[in-house]
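Order-wise, the sequence lines are chains A and B.
Here the first sequence is numbered in my numbering, starting from 1 and rising by one per residue.
Here the second sequence is numbered in my numbering, starting from 1001 and rising by one per residue.
There are 2 protein chains.
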Amino acid sequence: MGIVITAFERSPDGGKGLARDTRVRWALEETGQPYDVRLVSFQAMKAPAHLALHPFGQIPTYEEGDLALFETGSIVFHLAERHPGLFPTDANARARAITWMFAALNTIEPPILDLSNARVIERDQPWAAERLPVVVERIRARLTQLATRLGDSEWLDGDFSAGDLMMVSVLLRLRPSGILDEFPSLAAYVARGEARPAYQRAFAAQLAINTAPQSKN
Amino acid sequence: MGIVITAFERSPDGGKGLARDTRVRWALEETGQPYDVRLVSFQAMKAPAHLALHPFGQIPTYEEGDLALFETGSIVFHLAERHPGLFPTDANARARAITWMFAALNTIEPPILDLSNARVIERDQPWAAERLPVVVERIRARLTQLATRLGDSEWLDGDFSAGDLMMVSVLLRLRPSGILDEFPSLAAYVARGEARPAYQRAFAAQLAINTAPQSKN
């Protein structure tokens, strides 16, 4: 029973690895699971067939036999729970890895997403330039706390886990803004994530799709 | 080995149940786990002892023997995994319940938090009034999709689960704005959550703290 995920036919980032299928590809590679990819256009993402899989009309989705999931947190968790490689075996350490998954998605990512709102979606609004520093300061406050906790550790809690996979993936979105590089220990943490062979394979796979000649179908 | 959570000494909402300890109290009540509460002031939340428990200086935290967790998603997951009452026994249904937990926290809550930013934190900024409709429209778009998926079901996927607990908790934050009531099926869904005896006990417990005479220590 093969695993099938969905990804953008063409990612808005042109293959920088910031689309969320990269997180799922990375988890699949860390856990050694083969998978197929079904590409969807922006139009198809809003059509009933895709909305049945993903009620919010986004990518990625995850299908495995009669199981269908959405939300990268849920998909990464599912893989981490079933296959070795992303969760520690100690019960308390596993609970803390799950804590970092939620921290990445509910505490660190929201202010980072707000930067996309401010820079892209609200770019032409009259308040855009004036509001941007407020948004950036909110991100800096969170990253200061995160850098304090990370200290000079390699990963957030012991060995690399699904919590690091998610945190690195969320922080990666900040690189184009230059904010990540204001925090050298976090930039180095992200670079350690990107250096993992599983990440490299995930990145290369999404890049190949986004740089392939566009098909005509 | 008792469970100890932290909560605001005085919640900014005055006891409306919107502080995040209510989510954890609710999960503790659904799973029948006794717990103690340690109240923390805003000052104490930023002090080293609390930051050791919660690197982002917030409440709630969760301690149980030598396990310390933060992030409501992680704490509710921990309880749901260990005690009956919040996860279905079928593996696929459980994976979907976890999906709804992440959807509540990573897809639905961020635009709702942005409303707090717009209405409270950025209230005195020159762009506040002009930007508010953009923020509200973003919430409406998500709630339209959520209402479509819920349809006329009682809960998001079969029986009440930790996914519903989290989604109801997130949607509750919208009630003061009036936006929730624009979606009658979602307002009824939230009301079903609030009607559960476990929620009632959780709500009453946080209200008692927030309406008690202030101590002098």
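Backbone N, C-alpha and C define an ideal beta-carbon position, used for all residues, glycine too.
Worksheet item: Thinking C-beta only, is residue 181/A closer than 7 Å to residue 188/A?
Response: On the first sequence, residue 188/A is found 188 positions in, with the first residue counted as 1. On the first sequence, residue 181/A is found 181 positions in, with the first residue counted as 1. Not a contact, by the Cβ cut-off of 7 Å.
Worksheet entry | the stretch 48-57 of chain A in contact with the stretch 18-31 of chain A per 3-pair CB rule at 8 Å | no
Discussion item. In this structure, how does DSSP classify residue 182/A when only helix, strand and coil are distinguished?
Written reply: Here residue 182/A corresponds to residue number 182 of the first sequence, with the count starting at 1. Helix at residue 182/A.
Worksheet item: Grouping DSSP H, G and I as helix and E and B as strand, with all else coil, what is residue 1031/B?
Response: Along the second sequence, one-based indexing puts residue 1031/B at 31. In this structure, residue 1031/B counts as coil in the three-state DSSP scheme.
Practice prompt. Using the Cα positions of residue 128/A and residue 135/A, report the straight-line distance between them to the nearest angstrom.
Written response: On the first sequence, residue 128/A is found 128 positions in, with the first residue counted as 1. On the first sequence, residue 135/A is found 135 positions in, with the first residue counted as 1. Spanning the two alpha carbons is a distance of roughly 10 Å.
Fill in: Residues sharing a beta bridge with residue 70/A, DSSP
Position 70 of the first sequence holds residue 70/A. The partner list for residue 70/A (beta bridge, DSSP) reads 61/A.
Worksheet item: With 16 other CB atoms within 10 Å as the buried threshold, where does residue 27/A fall?
Response: By one-based count along the first sequence, residue 27/A stands at place 27. Counting Cβ neighbours within 10 Å, residue 27/A comes out buried, since at least 16 surround it.
Worksheet item: Should residue 1144/B go down as buried or exposed, given a rule of 16 or more other Cβ atoms within 10 Å for buried?
Response: As a position in the second sequence, residue 1144/B is number 144, starting the count at 1. Flag for residue 1144/B reads exposed.
Worksheet item: Between residue 204/A and residue 1071/B, is the Cβ-Cβ spacing less than 7 Å?
Response: Within the first sequence, the letter at position 204 stands for residue 204/A. Within the second sequence, the letter at position 71 stands for residue 1071/B. Their beta carbons are not under 7 Å apart, which means residue 204/A does not touch residue 1071/B by this criterion.
Discussion item. Quick test of the definition: if touching needs 3 or more C-beta pairs under 8 Å, does the stretch 1158-1169 of chain B touch the stretch 1078-1092 of chain B?
Written reply: With a cut-off of 8 Å, the stretch 1078-1092 of chain B and the stretch 1158-1169 of chain B count as touching, because enough Cβ pairs lie within range.
Fill in: Cβ shell of residue 1044/B (< 7 Å), same chain only, five flanking positions each side left out
Position 44 of the second sequence, counted from the start, is the residue given in the question as residue 1044/B. These residues qualify, in order along the chain: 1050.
Worksheet entry | Endpoints, alpha helix (DSSP H) assigned at residue 1049/B | What you label residue 1049/B is simply residue 49 of the second sequence in a count that begins at 1. 1048-1053 is the span of the alpha helix (DSSP H), which, as asked, contains residue 1049/B.
Worksheet entry | The beta strand (DSSP E) enclosing residue 87/A, as first and last residue numbers | Along the first sequence, read from residue 1 onward, the residue named residue 87/A stands at position 87. Per DSSP, residue 87/A belongs to no beta strand (DSSP E) and is neither H nor E.
Worksheet item: So residue 1039/B packs on residue 1009/B, CB below 8 Å; how close in whole Å?
Response: Within the second sequence, the letter at position 39 stands for residue 1039/B. Within the second sequence, the letter at position 9 stands for residue 1009/B. Sure, about 4 Å apart at Cβ, within 8 Å.
Worksheet item: Which same chain residues, not among the five before or five after residue 1013/B, have their C-beta less than 7 Å away from its C-beta?
Response: Here residue 1013/B is taken as the residue at index 13 of the second sequence, counted from 1. By the criterion of a C-beta distance shorter than 7 Å, residue 1013/B is surrounded in its chain by 1019, once the five residues flanking it on both sides are discounted.
Worksheet item: For residue 1152/B, does the count of other Cβ atoms within 10 angstroms reach 16, so buried, or fall short, so exposed?
Response: Locating residue 1152/B in the second sequence gives position 152, where the first residue counts as 1. So residue 1152/B ends up on the exposed side.
Worksheet item: Across which residues does DSSP place residue 1039/B in a beta bridge pair?
Response: In the second sequence, counting from the first residue as 1, residue 1039/B sits at position 39. Looking at the DSSP output, residue 1039/B bridges to 1007/B.
Practice prompt. Give, in chain order, every residue of the stretch 66-90 of chain A whose Cβ lies closer than 9 Å to some Cβ of chain B.
Written response: 66, 67, 68, 69, 70, 71, 72, 73, 74, 75, 77, 78 and 81
Worksheet item: Can you tell me whether residue 11/A is buried or exposed, with buried defined as 16 or more other CB within 10 angstroms of its CB?
Response: Mapped onto the first sequence, residue 11/A falls at position 11. Around the Cβ of residue 11/A, a 10 Å sphere holds 16 or more other Cβ atoms; the residue is buried.
Worksheet item: Can you tell which of 1119/B, 1093/B and 1035/B has the C-alpha that lies nearest to the C-alpha of residue 1079/B?
Response: Translated into positions along the second sequence, residue 1079/B becomes position 79. Cα-wise, what sits closest to residue 1079/B is 1035/B.
Discussion item. Classify residue 1148/B: buried if its beta carbon has 16 or more other beta carbons within 10 angstroms, exposed otherwise.
Written reply: By one-based count along the second sequence, residue 1148/B stands at place 148. Exposed, because fewer than 16 other Cβ atoms sit within 10 Å of the Cβ of residue 1148/B.
Fill in: Nearest-angstrom Cα separation, counted from residue 1112/B out to residue 217/A
Numbered from its first residue, the first sequence carries residue 217/A at position 217. Numbered from its first residue, the second sequence carries residue 1112/B at position 112. Note on residue 217/A: pLDDT 45, under 50, position unreliable in the model; the coordinate value appears next. If I take the Cα positions, the gap works out to 38 Å.
Worksheet item: On the three-state DSSP scale, how would you describe residue 125/A?
Response: Indexing the first sequence from 1 puts residue 125/A at position 125. Note: residue 125/A maps to coil in three-state DSSP.
Worksheet item: For residue 217/A, does the three-state DSSP call read helix, strand or coil?
Response: For the purposes of this step, residue 217/A is taken as residue 217 along the first sequence, with counting starting at 1. The predicted position of residue 217/A is uncertain, since its pLDDT is 45 and thus under 50; a value taken from the coordinates is nonetheless stated next. In this structure, residue 217/A counts as coil in the three-state DSSP scheme.
Worksheet item: What is the residue span of the alpha helix (DSSP H) that residue 1163/B lies within?
Response: On the second sequence, position 163 is the one that residue 1163/B refers to. Its alpha helix (DSSP H) spans residues 1162-1172.
Worksheet item: Looking at the structure shown, is residue 151/A part of a helix, part of a strand, or coil, going by DSSP?
Response: The residue you call residue 151/A lines up with position 151 of the first sequence. Reduced to three states, the DSSP call for residue 151/A is coil.
Worksheet item: Taking only beta-carbon atoms, is residue 56/A less than 7 Å away from chain B?
Response: In the first sequence, counting from the first residue as 1, residue 56/A sits at position 56. Yes, its Cβ sits closer than 7 Å to a Cβ of chain B.
Fill in: Test: residue 21/A CB closer than 7 Å to a CB of chain B
Taking the first sequence and counting its residues from 1, the one referred to as residue 21/A is at position 21. Answer no: the Cβ-Cβ gap between residue 21/A and chain B never drops below 7 Å.
Practice prompt. Compare the C-alpha of residue 140/A against each of 101/A, 171/A and 202/A and name the closest.
Written response: Your numbering for residue 140/A matches position 140 in the first sequence. Among 101/A, 171/A and 202/A, the Cα nearest to that of residue 140/A belongs to 171/A.
Fill in: Spatial neighbours of residue 210/A in its chain, beta-carbon cut-off 7 Å, leaving aside the 5 residues before and after
Indexing the first sequence from 1 puts residue 210/A at position 210. So the list reads 10, 11, 14 and 15, once near-sequence residues are dropped.
Worksheet entry | Contacts that residue 1043/B makes with chain A (C-beta to C-beta distance below 7 Å) | Position 43 of the second sequence, counted from the first residue, corresponds to residue 1043/B. What residue 1043/B touches in chain A: nothing, since even the nearest Cβ is about 17 Å away.
Discussion item. Just to confirm the assignment, what range does the alpha helix (DSSP H) spanning residue 1111/B have?
Written reply: Counted from its first residue, the second sequence places residue 1111/B at position 111. It spans 1109-1116 - the alpha helix (DSSP H) in which residue 1111/B sits, taken as one unbroken run.
Item to complete: Find the nearest neighbour of residue 1042/B within the set 1058/B, 1167/B, 1183/B and 1157/B, judged by alpha-carbon distance.
Response: Sequence index remark: in the second sequence, residue 1042/B carries index 42 (1-based). Among 1058/B, 1167/B, 1183/B and 1157/B, the Cα nearest to that of residue 1042/B belongs to 1058/B.
Worksheet item: Under 7 Å between C-beta atoms, does residue 208/A make it to chain B?
Response: The count along the first sequence starts at 1 and reaches residue 208/A at position 208. No, no contact with chain B.
Worksheet item: For the stretch 1062-1077 of chain B against the stretch 90-107 of chain A, are there 3 or more C-beta pairs whose distance is under 8 Å?
Response: yes
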